[in-house]
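Residue numbers (this note's numbering): 2 to 244.
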């Protein structure tokens, strides 16, 4: 299925569910760049909401188990997502696939909080610490493509009216990914469905020449850590400021 269809599918899905979103700071969305989009993550609708709000197909990295469940695999790949490898090869898989997509001129979407907020009920304005893979992706791609403009775009999603369902026991998901410790516990997988939400776009962080040089040198880890924390703080501030 062409990736362009993912945008149409996203709009159709949100329309069928009656989901309404309010977009703030649309003028901050870069018109042309290799774009890594980072957002908080509580709902199965986060990916289609971001595509509809930013008005572009986005290739989202998704959990390994989503590529193992037959029907779910068809849904997520139809929406343009790319399932990652198992835990031992996850980072390499993400960087390899993400870099290839950026090189093709596609936007890559990442939920840096990881799996935790999707398997636990969380407050709408809460934000867990970020994994650093998205920062590595942007910096690594920018370093290997010095003439290409590369940016990270932080986006905050804030549910205003939503419903939560519990359709699947967590331990059932271990059948599809035994390596995920979050599935090895009692309880049910929550599924948040938005009725109304706010989409607040942060300022894009453009990867500069100084970032490229620092990443390739002795300040590589510090540069990744700083960029990760900057995007985390931007999204947290958007969540706190948005009404």
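The beta carbon of each residue, even a glycine, is placed where N, CA and C say it ideally should be. Note that the structure is a prediction, hence the values are computed from the model and not measured.
Spatial distance of residue i from residue j (CA atoms)
i: residue 1; j: residue 43; result: There is simply no residue 1 to check, as the chain begins at 2 and stops at 244 in what is shown.
i: residue 106; j: residue 212; result: 21 Å
i: residue 157; j: residue 240; result: 6 Å
i: residue 110; j: residue 244; result: 24 Å
i: residue 214; j: residue 232; result: 20 Å
i: residue 18; j: residue 128; result: 26 Å
i: residue 7; j: residue 62; result: 14 Å
i: residue 68; j: residue 16; result: Note that residue 68 scores a pLDDT of 47, beneath 50, so its modelled location is shaky; the value from the coordinates is reported in the next line. Taking the straight line from one Cα to the other gives about 26 Å.
i: residue 51; j: residue 114; result: 16 Å
i: residue 242; j: residue 234; result: 12 Å
i: residue 186; j: residue 123; result: 17 Å
i: residue 14; j: residue 166; result: 17 Å
i: residue 85; j: residue 149; result: 25 Å
i: residue 24; j: residue 192; result: 23 Å
Simplified DSSP state of residue i, which is helix, strand or coil
i: residue 49; result: helix
i: residue 20; result: coil
i: residue 27; result: helix
i: residue 112; result: coil
i: residue 36; result: strand
i: residue 8; result: helix
i: residue 131; result: coil
i: residue 167; result: strand
i: residue 229; result: helix
i: residue 153; result: strand
i: residue 158; result: strand
i: residue 199; result: strand
i: residue 82; result: coil
Among the options, nearest to residue i - alpha-carbon criterion
i: residue 31; options: 9, 137, 204 and 112; result: 204
i: residue 155; options: 206, 147 and 191; result: 206
i: residue 33; options: 56, 49, 40 and 162; result: 56
i: residue 11; options: 230, 59, 226 and 144; result: 59
i: residue 101; options: 123, 116, 143 and 122; result: 143
i: residue 159; options: 14, 28, 238 and 77; result: 238
i: residue 138; options: 218, 116 and 96; result: 96
i: residue 216; options: 27, 26, 91 and 147; result: 147
i: residue 226; options: 140, 188 and 167; result: 140
i: residue 27; options: 210, 222, 202 and 221; result: 202
i: residue 38; options: 145, 222 and 136; result: 136
Test item: CB-CB of residue i and residue j under 8 Å
i: residue 236; j: residue 151; result: no
i: residue 164; j: residue 194; result: yes
i: residue 108; j: residue 46; result: no
i: residue 83; j: residue 93; result: no
i: residue 54; j: residue 80; result: no
i: residue 224; j: residue 131; result: no
i: residue 219; j: residue 112; result: no
Whole-number beta carbon distance between residue j and residue i, since they are thought to touch under 8 Å
i: residue 161; j: residue 133; result: About 30 Å; that fails the 8 Å criterion.
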